[in-house]
Amino acid sequence: MIKNFKWLFLVSLTFVACTNDDDVVVEEPVSAGTANFSKYIALGDSFAAGYSDGALFIEGQKGAYPNVLSQQFAAAGGGTFSTPFMADNVGGLLLGGNLVAGQRLYFNGAAPVAVSGAPSTNIATKLTGPFNNLGVPGAKSYHLVAAGYGNVAGVAAGLANPYYARFATSATSTVLSDAVAQAPTFFSLWIGGNDVLGYATSGGVGVNQTGNNNAATYASNDITDPGVFAYAYNALITNLTANGAKGVVANLPYVSTLPYFTTVPINPLSTSVLGGGNVAVGQATISALNTQLYGPLKQVLTVFGAGDRINLLSTTVANPLLIKDESLTNLSAQLTAAFTPSLGAQTAAFYGAVFGQARQATATDLVLLPTQSVIGAAPTATTSGLGIAPPSPLNKFGITFPLQDAHVLIPSETAEIKIATDAYNTSIRAIADSKGLAFVDAKAIMDKLSTTGIVSNNFTMTATYVFGGSFSLDGVHPSPRGYALIANAFIEAINTKYSSTLKKVDLGNYRILFPASL
Numbered sequence: 001m002i003k004n005f006k007w008l009f010l011v012s013l014t015f016v017a018c019t020n021d022d023d024v025v026v027e028e029p030v031s032a033g034t035a036n037f038s039k040y041i042a043l044g045d046s047f048a049a050g051y052s053d054g055a056l057f058i059e060g061q062k063g064a065y066p067n068v069l070s071q072q073f074a075a076a077g078g079g080t081f082s083t084p085f086m087a088d089n090v091g092g093l094l095l096g097g098n099l100v101a102g103q104r105l106y107f108n109g110a111a112p113v114a115v116s117g118a119p120s121t122n123i124a125t126k127l128t129g130p131f132n133n134l135g136v137p138g139a140k141s142y143h144l145v146a147a148g149y150g151n152v153a154g155v156a157a158g159l160a161n162p163y164y165a166r167f168a169t170s171a172t173s174t175v176l177s178d179a180v181a182q183a184p185t186f187f188s189l190w191i192g193g194n195d196v197l198g199y200a201t202s203g204g205v206g207v208n209q210t211g212n213n214n215a216a217t218y219a220s221n222d223i224t225d226p227g228v229f230a231y232a233y234n235a236l237i238t239n240l241t242a243n244g245a246k247g248v249v250a251n252l253p254y255v256s257t258l259p260y261f262t263t264v265p266i267n268p269l270s271t272s273v274l275g276g277g278n279v280a281v282g283q284a285t286i287s288a289l290n291t292q293l294y295g296p297l298k299q300v301l302t303v304f305g306a307g308d309r310i311n312l313l314s315t316t317v318a319n320p321l322l323i324k325d326e327s328l329t330n331l332s333a334q335l336t337a338a339f340t341p342s343l344g345a346q347t348a349a350f351y352g353a354v355f356g357q358a359r360q361a362t363a364t365d366l367v368l369l370p371t372q373s374v375i376g377a378a379p380t381a382t383t384s385g386l387g388i389a390p391p392s393p394l395n396k397f398g399i400t401f402p403l404q405d406a407h408v409l410i411p412s413e414t415a416e417i418k419i420a421t422d423a424y425n426t427s428i429r430a431i432a433d434s435k436g437l438a439f440v441d442a443k444a445i446m447d448k449l450s451t452t453g454i455v456s457n458n459f460t461m462t463a464t465y466v467f468g469g470s471f472s473l474d475g476v477h478p479s480p481r482g483y484a485l486i487a488n489a490f491i492e493a494i495n496t497k498y499s500s501t502l503k504k505v506d507l508g509n510y511r512i513l514f515p516a517s518l
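According to our numbering, the residues represented by the sequence shown are 1 to 518, in order.
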């Protein structure tokens, strides 16, 4: 009788547990599925390292997506995860007592500014590893398989990476060899962004190396040949999976969706802006510019079939910036000849040189984030592209003097970047599929952030500069919450591929921006 009573009691408890949903929440236990997280190694570039606000620093590194992943892996058999931490939260690097990278940024309520304090991280101070987080800011795909990329002696000459030099196991090691030596059971790899990013952030001041498979001849701002990328990527995956390790990889977003390229409008020249806050002054300025510069330019360009390059400024809507487009036919000689009778040979030649490839910006141009501080400033001998500082009235960038190549990405340059990125992504997906790896569609995530936004944990994440929640103040690298969003995307891909039940992190636990003091 007592035995029967015991069973009835258990049945009643079961009934209560099943029907009282408000009191009992049954969570699925965390498991690794078919993956093994006991030795996790992360390879990649600045995103893997936790670079943020224009620098690498301790708190930023702690929030890097691989570090977030390792914390979630711990509940499913993951082991310790070590990171080559910087020496401070100021950011920046020293080499031989000289500053080679500056401090991190913070938002002072009006604009991003550098934090106070001096960097204390010395490149020559070697760290003792091994390290699980092998993210290297600035690394391109082929750098991860390049011997000597961590040689301190090569940093000053640009032959080695200052961040990797701090923790490379030897002067001749590679990032890949340092990873494989640790016999990882699981890895993450997100690499390739820098293969086009330097070209993009320099405004296309570089060479598209597509067709050149000799990476030794590349400069830092060049676009990597897709064949070189595919070779390096295949070498990385082949070696990382050689002993049965599983892993997760991610593809690459278009740079044109990053705040660095979408924040500064192509048409900021309103009457208020041109008048320094005084609309009446702005209207008078526009009238003078149309009479003395824009009108004569449009008249002459129209004669040569290029009148659409310049339109008169409007007093009712904001006007586009004046830029140089090196893809245009250079009409310098024609402009010089046309202006010589009225301006004289010397001045006419100067106008021809300045405006031979000038036009007003359109919606297909991408104005770089740093260009915001250049608009209206006086060109110097170094920045004018002419070797001299132009005199008044041709001394206002974007208004009376064209913004130069370094200030804007024009459509032909954006197209080169897109073509290369598409080729890299094709290789990433094919190689990942051939090895049965988890795959993160980072491109689709970034597309959403830059358009509709992503809602997660009751937060709407967008790519809006400063206030969108996803990106840090450098306009390229994620914020702490942005890195957490990335980590969740990796977790979702891992769970899908390996039947694991890893838990995602709560975005509310991650800040949007770092304060001045940490």
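Note that the Cβ used here is the ideal one computed from N, Cα and C, for glycine as well.
So for I375, helix, strand or coil by DSSP? I375 falls in the coil class under three-state DSSP.
Apart from the five residues on each side of it in sequence, which residues of its chain come closer than 6 Å, Cβ to Cβ, to L99? Excluding residues within five positions, none has a Cβ falling inside 6 Å.
Straight-line Cα distance separating V281 from V145: Distance between the alpha carbons of V145 and V281 is about 59 Å.
Which listed residue (L176, T210, E59) has its alpha carbon closest to that of P515: Closest option to P515, Cα to Cα, is E59.
First through last residue of the alpha helix (DSSP H) which encompasses F73: 65–73 is the span of the alpha helix (DSSP H), which, as asked, contains F73.
Compare the C-alpha of Y260 against each of G198, S31, G77, A338 and name the closest. Of the listed residues, the one whose Cα sits closest to Y260 is G198.
What distance in whole Å lies between the Cβ atoms of L301 and R309, which are believed to be in contact at a cut-off of 8 Å? So it is a contact: roughly 5 Å between Cβ atoms.
Leaving out five residues before and five after F57 in sequence, what residues of the same chain have Cβ atoms less than 8 Å from its Cβ? Result list for F57: M86, D88, N89, V90, G91, R104, L518, in chain order.
How long is the line joining the alpha carbons of H477 and T83, rounded to whole angstroms? Taking the straight line from one Cα to the other gives about 19 Å.
Distance check for G356 and F73, CA to CA, integer angstroms please. Within the model, the alpha-carbon separation for F73 versus G356 is close to 59 Å.
What does a CB cutoff of less than 6 Å around G398 pick up in its chain, not counting 5 residues either side in sequence? Only L321, L322, I375 meet the Cβ criterion.
In chain order, what residues of the same chain lie with their CB nearer than 6 Å to the CB of S412, ignoring the 5 residues before and after it? Around S412: S327.
Buried or exposed for K3, going by 16 or more other Cβ atoms inside 10 Å? In this prediction, K3 scores a pLDDT of 37, lower than 50, which makes its location untrustworthy; no coordinate-derived value is stated.
DSSP state of P268 mapped onto helix, strand, coil: Correct three-state label for P268: coil.
Enclosing beta strand (DSSP E) for V248 [first to last residue]: Residues 246–250.
Would you kindly report the start and end of the unbroken alpha helix (DSSP H) that includes L312? Note, L312: premise wrong, no alpha helix (DSSP H); not H, not E.
Are S456 and L507 close, meaning C-beta to C-beta below 7 Å? In contact: S456 and L507 (Cβ atoms closer than 7 Å).
If the criterion is Cβ atoms closer than 7 Å, does the pair S470 and L437 meet it? Pairing S470 with L437 gives a Cβ-Cβ distance that is not under 7 Å.
Distance between T501 and V11 (C-alpha atoms, nearest Å): Bear in mind that the predicted position of V11 carries a pLDDT of just 34, short of 50, making it too unreliable to give a figure here.
How would you call E416, buried or exposed, if buried means at least 16 neighbouring beta carbons within 10 angstroms? With 16 or more other Cβ atoms within 10 Å, it is buried.
T451 to T462 span [Cα, whole Å]: In this structure, the CA atom of T451 is about 8 Å from the CA atom of T462.
Which runs of the alpha helix (DSSP H) fall wholly inside the stretch 39–65 and span at least 4 residues, in chain order? Under the rule that a run must span 4 or more residues, the alpha helix (DSSP H) segments found entirely inside the stretch 39–65 read 46–49, 58–62.
Need the endpoints of the beta strand (DSSP E) that G352 sits in, please. G352: not part of any beta strand (DSSP E); member of the alpha helix (DSSP H) spanning 345–355, first to last residue.
For the structure I just gave you, are there three or more beta carbon pairs, one from the stretch 186–201 and one from the stretch 249–258, closer than 8 Å? Contact between the stretch 186–201 and the stretch 249–258 is established, with three or more Cβ pairs separated by less than 8 Å.
So the candidates are A111, A406, L369; which of them puts its Cα closest to the Cα of T383? Taking only the C-alpha atoms, the option nearest T383 is A406.
By alpha-carbon positions, which one of E28, T316, G482 ends up nearest to V68? Out of E28, T316, G482, G482 has the C-alpha closest to the C-alpha of V68.
C-alpha gap between D22 and G203, whole angstroms: Note that D22 has pLDDT 48, beneath the 50 cutoff, so the model's placement of it is unreliable and no number is given.
Helix, strand or coil for M446? Go by DSSP, reduced to three states. Helix, per DSSP.
Looking at the strands, I want to know which residues DSSP matches up with I223. I223 pairs with N208.
I494 versus T414 - alpha carbon distance: Approximately 32 Å between the Cα atoms of the pair.
According to DSSP, Q103 sits in a beta bridge with which residue or residues? Answer is none; Q103 lacks a bridge partner.
Please report the distance separating the alpha-carbon of T257 from that of A337. The C-alpha of A337 is placed about 42 Å away from the C-alpha of T257.
Using C-beta distances below 6 Å, list every residue in its chain close to K6, excluding the 5 sequence neighbours before and after it, in chain order. Residue placement at K6 is flagged as unreliable, the pLDDT there being 35, under the threshold of 50; a coordinate-derived value is accordingly withheld.
Considering only their Cβ atoms, is the gap separating Y149 from Y164 smaller than 7 Å? Going by C-beta atoms, Y164 is nearer than 7 Å to Y149.
Beta-carbon gap between Y51 and P162 smaller than 7 Å: Contact annotation: Y51 and P162 have beta-carbon atoms that are not nearer than 7 Å.
Residues near A349 by beta carbon distance below 6 Å, same chain, minus five either side: Beyond the five residues adjoining it in sequence on each side, A349 comes within less than 6 Å, by CB distance, of T336 in the same chain, given in chain order.
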